[in-house]
Amino acid sequence: MSVLHLISCRITSQSALTSVTHCVFIPPLTRAHTYRWKPPGYAPLFTLALVSANRKLFHLPALMDSFMLRGVLCVSALCVWSSAARGRSDVLELKDADFDYIAPEHETLLGKFYAPWCGHCKKLAPEFETAATRLKGTVTLAKVDCTTNTETCKRYGVTGYPTLKIFRNGQESSSYDGPRSAEGIVNHMKKLAGPDSVPLHSEHDLENFINNFDASIVGKCFLFSQVSEFLKGASLMRESFRFAHTTVLELGKKYDVKYESVLLFHPPRLSSKFEERVVHHRGPLSITGLRRFIRDNIFGLCPHLTKENKDSLRKRDLLTTYYDLDYLRNPKGSNYWRNRVLKVASKFSSQGLLYSVANRNDFLEELEDEFGLGSSDATELPFVTIRTRTGNKYTMREEFTRDGKSLENFLEDYFAGRLKRYIKSEPVPAKNNGAVKVVVADTFEEIANDPEKDVLIEFYAPWCGHCKKLEPKYTELGERLYSDPNLVIAKMDATANDIPQGYDVQGFPTIYFAAAGRKDEPKRYEGAREVKDFINFLKRETFIVNSEPWFLNRSKGGKKKNIQQDQQKN
């Protein structure tokens with residue numbers, strides 16, 4: 285039997301070992317998990333237990349005299365000293381042996397399932413540590429090394445790293461899909477701490493709740509059925525929004541709430557004369573209706589785009605104005621340009637475009653990388669971009685005038701279809717006669733979308749190890765098929781060029797086949813990456829011409845003949 289843990293339990297009665305009031309769970313030489321000693325003079329009876337690898341408990345009852353008690357305390361102190369000597373982290377490290385014991389002790393726990401060799405995990409680690417320290421006492425952050433704790437990771441369906449999951453009292457609640465910066469994790473998890481909906485009992489409670497950086501949803505309900513339905517909705521959506529409720533009749537009268545209603549309060553810093561701060565939900569209360577009401581009104585006419593909410597906002601066609609926005613240090617100045625955006629946006633509010641403002645410094649790298657705007661554009665005036673939900677991008681090249689006229693002209697051209705789409709592209713190669721054609725964004729239409737040619741294209745990253753390993757094989761493939769006038773073997777640096785619509789590139793290398801005449805239906809290559817595997821795939825998808833004896837000229841019916849000859853050769 286391998287000893288994993290020492291447990292010391294205080295007993296309230298010397299005659300009944302079952303009357304346990306508290307246990308101290310001590311993984312050896314790691315940490316004392318909790319200590320809650322009773323006041324001096326409380327007569328203790330302890331039981332020691334050994335926990336084996338299969339979690340069977342072996343009790344060793346003993347009436348502890350002062351000498352034995354000092355021994356247990358010394359063991360506990362040694363555990364704490366050992367942990368402190370290594371530099372105590374605020375992130376709990378859980379293992380297969382203790383996950384089911386420790387996780388249930390925490391009302392809300394964010395678990396990180398990771399692998400030590402994973403680059404994304406290494407990048408997340410310092411952010412996760414910082415968030416754990418800031419959330420200490422509110423939300424617990426824990427980590428599980430999946431390379432050594434395979435049982436726990438398998439049980440929770442972990443297939444990639446890092447995977448973040450939210451647990452409530454030890455039970456998996458949901459996957460974490462929020463931001464992965466320390467600030468984002470803190471803000472997101474604070475929303476999950478405490479009740480699904482905060483009860484409000486006074487005007488002071490209400491004002492305190494709605495004067496927040498984020499939007500607030502408040503339900504005023506008098507019937508039990510209404511309260512129940514609102515709380516169900518809050519439980520389902522609490523990870524994304526802030527909820528509160530009241531049954532106090534007088535509450536909310538200053539906001540013209542006389543009867544049952546749901547109110548959505550936009551953040552006070554975004555108040556303006558161009559839109560109401562409070563939006564009322566009309567009609568009967570239902571979860572579906574509540575969800576639709578929030579979806580349609582949560583952002584308002586011109587929300588504040590941040591790194592934390594950008595993914596939600598970019599699910600729609602979005603115009604963003606970037607400037608020196610800082611609501612903490614300069615709230616009035618921050619709304620100067622926003623008010624000009626609102627004035628113009630109110631004229632186009634029915635066109636289906638969402639408007640936003642953002643701190644330019646928060647998105648400098650993105651602006652330069654994705655829109656060609658950055659430090660070289662030495663101006664204090666705002667940058668304006670449009671990004672559609674399908675990935676099309678546009679930039680306003682005219683200076684933002686203080687009367688808003690340039691923005692109005694930009695929007696008129698956008699809605700009329702007169703704007704030229706911005707495409708990030710490397711320069712077109714001066715020579716491109718190699719076995720593997722180099723494609724850039726500006727030549728993608730010409731090469732990859734040539735309606736007369738079948739194209740196999742690799743999307744790669746220069747730093748990618750798998751791409752470097754593939755390169756000689758891919759070059760050999762291009763050389764062997766070079767003489768085929770109807771087939772192109774191509775590659776594109778996906779880090780330096782915009783990826784066109786229809787191509788989903790999440791990792792490297794990603795390879796697609798775009799058949800002649802079917803360019804709107806590119807097919808992802810999922811096979812092995814040896815030359816022979818590529819050739820077999822292409823023989824199934826095309827009629828290949830090559831000087832080698834097992835290829836025949838492309839012609840009607842030639843596909844089957846090629847395959848047969850290759851089979852005969854082999």
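The sequence shown begins at 285 in the working numbering and counts up by one. Ideal placement from N, C-alpha and C gives every residue a C-beta, glycine not left out.
Contact under 8 Å by Cβ, residue i with residue j
i	j	result
ILE773	VAL723	no
ARG522	LYS599	no
GLU664	GLY658	no
TYR758	GLU742	yes
VAL470	ALA415	yes
VAL272	ALA778	Here the chain covers residues 285 to 854 and nothing more, so residue 272 does not appear.
PHE699	GLN785	no
ASP480	ARG526	no
GLU467	CYS505	no
ASP374	LYS420	yes
ALA629	THR604	no
PRO463	HIS404	no
THR669	PHE655	yes
LEU378	ALA426	yes
ARG671	LEU589	no
SER640	LEU612	no
VAL428	PHE383	yes
ASN623	SER556	yes
ARG625	LEU554	Rather than Arg, the amino acid found at residue 625 in this sequence is Val. Contact: no.
TYR539	VAL563	no
Residue i, enclosing alpha helix (DSSP H) - first and last residue
i	result
LYS521	Per the sequence shown, residue 521 should be read as Met rather than Lys. Residues 508-521.
GLY749	749-764
ASP777	It is not in any alpha helix (DSSP H) - ASP777 instead sits in the beta strand (DSSP E) that spans 771-777.
PHE655	648-655
THR417	403-418
ILE731	728-731
DSSP bridge partner residues for residue i (one or two, in chain order)
i	result
LEU394	LEU425, ILE450
ASN643	TYR607
VAL563	LEU548
PHE527	ILE501
ILE795	GLU742
LEU638	LEU602
LEU589	ALA642
Option nearest residue i by Cα separation, candidates the options
i	options	result
PRO568	LEU665, SER509, GLY584, HIS529	SER509
LEU637	TRP621, LEU648, THR679, CYS586	CYS586
PHE632	THR679, PHE558, GLU683, LEU597	PHE558
ILE386	PHE821, LYS407, CYS402, THR424	THR424
TYR460	PRO483, PHE412, ASP489, GLU760	PHE412
PRO713	ASP726, LEU419, GLY536	ASP726
LYS396	ARG673, GLU456, ILE670	GLU456
GLY688	SER500, PRO746, LYS627	LYS627
PHE818	LEU771, GLY444, ASN781	LEU771
LEU761	ALA399, ALA477, ARG813	ARG813
VAL482	PHE493, ARG418, MET776, SER709	PHE493
LEU703	SER709, ASN716, ASN717, ARG681	ARG681
GLY791	SER618, GLY444, LEU507, LEU376	GLY444
LEU533	ASN453, LYS715, PRO769, SER486	SER486
Other residues of its chain near residue i: CB distance less than 6 Å, five sequence neighbours each side excluded
i	result
PHE577	HIS565
LEU574	GLY517
LEU353	Residue confidence is low: LEU353 scores 44 on pLDDT, short of 50, so the model does not pin down where it sits. Its coordinate-derived value is still stated next. So no residue of the chain qualifies.
GLU832	For GLU832, the pLDDT reaches just 48, beneath the cut-off of 50, and the residue's location in the model is therefore unreliable, although a value from the coordinates is still provided. The answer is none, since no qualifying residue turns up.
LEU695	PHE632
ASN495	PRO552
LEU357	In this prediction, LEU357 has a pLDDT of 43, which is less than 50 and means its spatial position is unreliable; what the coordinates show is noted afterwards. Once the five neighbours on either side are set aside, LEU357 has no close Cβ partner at all.
VAL502	ALA528, LEU547
GLY536	LYS504
Short CB-CB distance (under 8 Å) between residue i and chain B
i	result
LYS591	The displayed structure is made up of one protein chain only, and chain B is not part of it.
Terminal residues of the beta strand (DSSP E) in which residue i lies
i	result
GLU456	455-459
ASP738	738-744
MET680	Per DSSP, MET680 belongs to no beta strand (DSSP E) and is neither H nor E.
GLY503	500-504
VAL668	667-671
Nonlocal neighbours in the same chain, by C-beta distance under 7 Å from residue i, ignoring five residues either side
i	result
ARG705	ASN676, LYS677, TYR678
PRO793	GLU742, PHE743, TYR744, CYS748, HIS750, CYS751, LEU754
ASP804	GLY786
SER519	ASP480
PHE451	ALA387, LEU393, GLY395, SER457
heavy atom of the ligand FMN below 7 Å from residue i C-beta
i	result
CYS505	Among the components of this structure there are no ligands whatsoever, and the ligand FMN is therefore not found.
Own chain residues within Cβ distance below 8 Å of residue i, not counting five before or after
i	result
GLU825	ASP738, PHE797, ALA799, LYS807
ARG644	TYR606, TYR607, ASP608, LEU609, LEU651, PRO666, PHE667
PRO735	ALA800, GLY801, LYS803
VAL789	PHE743, ALA778, ILE783
GLU592	GLY462, PRO463, SER465, GLU467, GLY468, ASN471, HIS472
VAL511	GLY503, CYS505, HIS529, THR531
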